[in-house]
Every structure is written in structure tokens, then in C-alpha cells.
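Read the structure below first, then the notes.
In our numbering, the protein residues as written are 28 to 383.
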């Protein structure tokens with residue numbers, strides 16, 4: 028990797044009009060066959076209402092995630108769950124990691140909530156200093172949000188550290204929301220997911236969605252996991268009676284059992300994550316943050332090269348990567364891109380190295 032003579036078979040050149048979205052963090056394997064088959068065979072289901080209790084779907088999610096079916100709430104997206112949790116907790120003061128995931132700020136501000144940004148340190152490679160973070164949590168805070176792996180830096184926090192945070196939050200009556208949007212891509216996800224902590228901490232809410240890992244953003248299927256009895260009861264009374272449609276329900280039942288797609292993705296990501304990192308690591312004019320998810324954050328060290336320069340250079344070849352200039356806690360010296368299939372990864376690495 029890194030040289031044009033690829034270690035992968037197949038052409039390195041994309042056809043002239045093909046573009047590749049390295050900015051969407053989507054699984055390059057595309058929609059699982061299991062989903063395609065189910066949807067084709069479930070068209071008749073559109074004439075019935077979904078099963079409002081989603082029993083079979085919850086069982087399938089439970090088998091995949093290790094959660095108790097009784098602690099699973101299904102919905103159409105994490106954004107919806109965040110909105111509901113903010114309404115349920117009515118926070119006056121929330122804490123967010125910076126840089127981190129972006130989609131909480133707007134909802135919190137709309138609900139009149141003050142936000143404290145806990146700034147991750149660039150010197151520490153944006154890794155969370157657990158002891159220092161815990162020291163900032165006190166009774167003046169109502170909610171804390173953590174994306175794990177971090178939605179900007181691609182770095183994961185281990186479960187032991189998360190348990191410390193959950194414990195301190197519980198002691199200070201802080202609702203802790205752990206957004207695991209990218210957890211499915213993590214190699215040792217069973218050692219990192221907060222799901223096993225849910226039973227012990229009813230102030231904890233774990234969010235997952237299917238858009239990125241299963242490459243089905245159009246399906247609109249997400250789930251929240253919590254043991255909080257009041258929130259579960261509230262959701263059963265006032266929640267959406269049919270939160271997802273019959274096709275998403277049917278697809279989800281099979282999708283979470285698609286062992287072949289899941290393991291193929293894990294293998295591909297492990298390989299490509301390592302190859303892309305190695306191919307870029309020797310270049311002294313950039314700094315890499317070791318990724319745990321399916322994307323990587325890169326800092327440009329040359330003062331005359333901005334994220335926009337690199338984005339535009341890639342775009343001229345039909346490769347879309349993300350500038351981080353608009354992300355709280357970062358600036359225009361950072362880019363981010365996800366791992367696609369081997370040939371595409373070779374191409375984006377070579378293209379980036381042409382300008383950095």
C-alpha cells in the first residue's frame with residue numbers, strides 16, 4: 028500500500044465518472060443481501076401495521092448486541108432518541124466532549140440547555156483523561172454525552188473507564204448518554220461496549236443505529252438500550268406507537284443475524300484500518316490519531332496546506348473526504364475520511380500524499 032503498485036488485485040483507477048464517498052463513514056460492502064432479500068419478500072407486509080411490541084426484532088437485536096430484550100427500545104434514528112432523552116431529562120446544563128459527535132449541540136440549545144465542552148487535549152492525542160474528566164462531573168450537570176468510539180477522532184474508551192464515568196454520573200444524578208454509532212466497527216467491541224453496564228446503572232442510555240455499519244441509512248432503524256424504569260414506562264405510554272415501518276422491522280430481524288456480512292465487515296475493516304494507517308504513518312508532514320472505528324482523523328502539519336486544499340485535490344479525482352474546519356474543538360488543519368474497499372483506499376491514500 029502507499030505505492031501505486033497496489034497490493035490488491037484490480038485496477039487502481041476509478042472510471043472517470045465514479046465518485047467515492049469517504050466522508051459518509053459507510054460500510055463499503057453496501058446493503059447486506061439479507062436485507063435485499065427480506066425487503067423483496069416483504070412488500071405484502073406494507074398492508075399491515077407492524078407489531079407494536081417489536082418482539083422478534085428486539086430478540087434479534089438482543090442476540091446481536093447482548094442486551095436484554097426488555098431494555099431495548101426501537102426507533103428510526105439516534106437523533107430521535109437524543110431528542111426524547113433531552114425532553115425526558117429537561118437538562119439545564121450538559122457536558123460534551125470536544126472534539127466529539129456533532130448532533131447533540133443543536134437539540135440541547137433548542138431546549139435552552141447550557142453546554143460545557145470538555146476539551147480533549149491534542150498533546151494527549153485527543154484520548155480522554157478519565158480521572159480529569161470525572162473530576163469535572165458534579166451536581167450542577169444534568170446530562171453527559173459521550174460518543175464511543177469518538178465520532179470525530181475514531182478512538183474508543185474501554186468499558187472499565189466507562190464504568191467509572193457511569194458510577195460518578197449516578198452519584199451526581201447525571202444522565203449519561205453513550206452513543207455507540209461506530210461501535211460495530213471496533214475490533215474488540217465486546218470489551219468496549221457499555222451495554223453490559225446498563226443493568227447496574229439506570230442513569231445510562233446506550234444508543235446504536237444501523238446506518239453506517241449495515242450501510243442502510245434509508246432503512247431508518249436505530250435502538251436505545253436502558254434499564255431506566257421511568258423512561259421505559261414513559262416510552263411505552265407516550266412513545267411513537269409505530270416507531271419504524273414494516274420493512275425496517277422485517278429487514279432488522281434478519282440483518283442482525285447475518286453472521287457472514289458482519290464477520291466480512293470486521294475482517295475488511297481490521298485489514299484496511301491497519302494498511303491505511305501504515306501507508307500514511309511514515310509521512311512526517313501529517314499526524315495521525317490511531318483509529319479504532321472505520322475512519323481516521325489526520326492533522327496537516329504544513330502551515331500552507333489547509334483541509335480545503337486536500338479536500339479540493341481529492342474532489343478533483345472524485346474522492347470526497349471531510350474537512351474538520353467546522354467541528355467544535357478542531358480547525359482547518361484537520362481532515363477525516365473513512366475506509367472503503369482496498370482499491371479505493373489505495374487511491375485516496377496516494378491522492379492525499381500528493382499534496383501533504
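Even for Gly, the Cβ is constructed at its ideal location relative to N, Cα and C.
Inter-residue Cα distance where the pair is residue i and residue j
i	j	result
residue 261	residue 108	13 Å
residue 145	residue 160	7 Å
residue 327	residue 133	28 Å
residue 342	residue 58	25 Å
residue 259	residue 222	16 Å
residue 33	residue 349	Only weak support is given to the placement of residue 33: the predicted model assigns it a pLDDT of 42, under 50, and the value that follows is read from those uncertain coordinates. Roughly 24 Å between the two C-alpha positions.
residue 113	residue 140	9 Å
residue 263	residue 338	46 Å
residue 329	residue 354	20 Å
residue 239	residue 55	9 Å
residue 368	residue 193	37 Å
residue 336	residue 361	11 Å
residue 77	residue 246	15 Å
residue 137	residue 131	10 Å
residue 308	residue 143	34 Å
residue 364	residue 105	22 Å
residue 87	residue 147	36 Å
residue 340	residue 352	16 Å
residue 49	residue 203	31 Å
residue 370	residue 217	30 Å
residue 91	residue 357	35 Å
residue 317	residue 323	7 Å
residue 171	residue 206	11 Å
residue 36	residue 93	Model confidence at residue 36 stands at a pLDDT of 40, short of 50, so the residue's coordinates are unreliable and nothing is read from them.
residue 248	residue 275	6 Å
residue 331	residue 312	11 Å
residue 231	residue 162	19 Å
residue 305	residue 272	43 Å
residue 376	residue 243	26 Å
residue 359	residue 74	50 Å
residue 315	residue 165	33 Å
residue 186	residue 215	11 Å
residue 226	residue 219	16 Å
residue 266	residue 208	22 Å
residue 38	residue 299	Confidence is the limiting factor: at residue 38 the pLDDT is only 43, short of 50, which leaves the residue's position unreliable, though a coordinate-based value still follows. Roughly 17 Å between the two C-alpha positions.
residue 173	residue 149	18 Å
residue 379	residue 301	17 Å
residue 224	residue 321	24 Å
residue 212	residue 52	11 Å
residue 292	residue 236	16 Å
residue 111	residue 289	30 Å
Cβ-Cβ separation, residue j to residue i (assumed contact under 8 Å), whole Å
i	j	result
residue 154	residue 182	6 Å
residue 157	residue 188	5 Å
residue 46	residue 345	4 Å
residue 366	residue 296	6 Å
residue 269	residue 79	6 Å
residue 372	residue 325	Going by Cβ atoms, the distance from residue 372 to residue 325 rounds to 14 Å, so no, they are not a contact pair.
Residue i, enclosing beta strand (DSSP E) - first and last residue
i	result
residue 170	170-174
residue 315	313-316
residue 326	322-327
residue 304	Unbroken run through residue 304 is the alpha helix (DSSP H), 286-308; no beta strand (DSSP E).
residue 66	Counting along the chain, residue 66 falls outside any beta strand (DSSP E), though it belongs to the alpha helix (DSSP H) covering 60-68.
The alpha helix (DSSP H) enclosing residue i, as first and last residue numbers
i	result
residue 341	334-342
residue 258	256-265
residue 249	Looking at the DSSP string, residue 249 is not in any alpha helix (DSSP H); the run it does join, the beta strand (DSSP E), is 249-252.
residue 362	Here residue 362 belongs to no alpha helix (DSSP H); instead the beta strand (DSSP E) covers 361-365.
residue 45	No alpha helix (DSSP H) holds residue 45; DSSP gives it neither H nor E.
residue 279	273-282
residue 376	369-382
Can you list the beta strand (DSSP E) stretches of 3 or more residues lying completely in the stretch 173-242, in chain order? Assignment of beta strand (DSSP E) within the stretch 173-242, counting only whole runs of 3 or more residues, yields 202-206, 231-236 in chain order.
Three or more beta-carbon pairs under 8 Å between the stretch 169-188 and the stretch 122-137, yes or no? Inter-segment contact for the stretch 169-188 and the stretch 122-137 is present: three or more beta-carbon pairs are separated by less than 8 Å.
In the stretch 84-158, which residue ranges form an unbroken beta strand (DSSP E) of at least 3 residues, counting only runs that do not cross its ends? Scanning the stretch 84-158 for uninterrupted beta strand (DSSP E) segments of 3 residues or longer gives 99-102, 120-125, 141-146, listed from N- to C-terminal end.
Kindly confirm or deny that the stretch 110-118 and the stretch 275-285 touch, where touching means at least three C-beta pairs closer than 8 Å. Contact between the stretch 110-118 and the stretch 275-285 is absent: fewer than 3 CB-CB pairs across the two stretches fall below 8 Å.
Three Cβ pairs or more, each shorter than 8 Å: is that satisfied between the stretch 249-266 and the stretch 89-101? Contact annotation: the stretch 249-266 touches the stretch 89-101, with at least three C-beta pairs closer than 8 Å.
Closer than 8 Å is the cut-off here; do at least three beta carbon pairs connect the stretch 76-84 with the stretch 261-280? These segments touch.
Answer yes if the stretch 193-211 comes into contact with the stretch 66-75, meaning at least three C-beta pairs across the two stretches below 8 Å, and no otherwise. Segments in contact, no.
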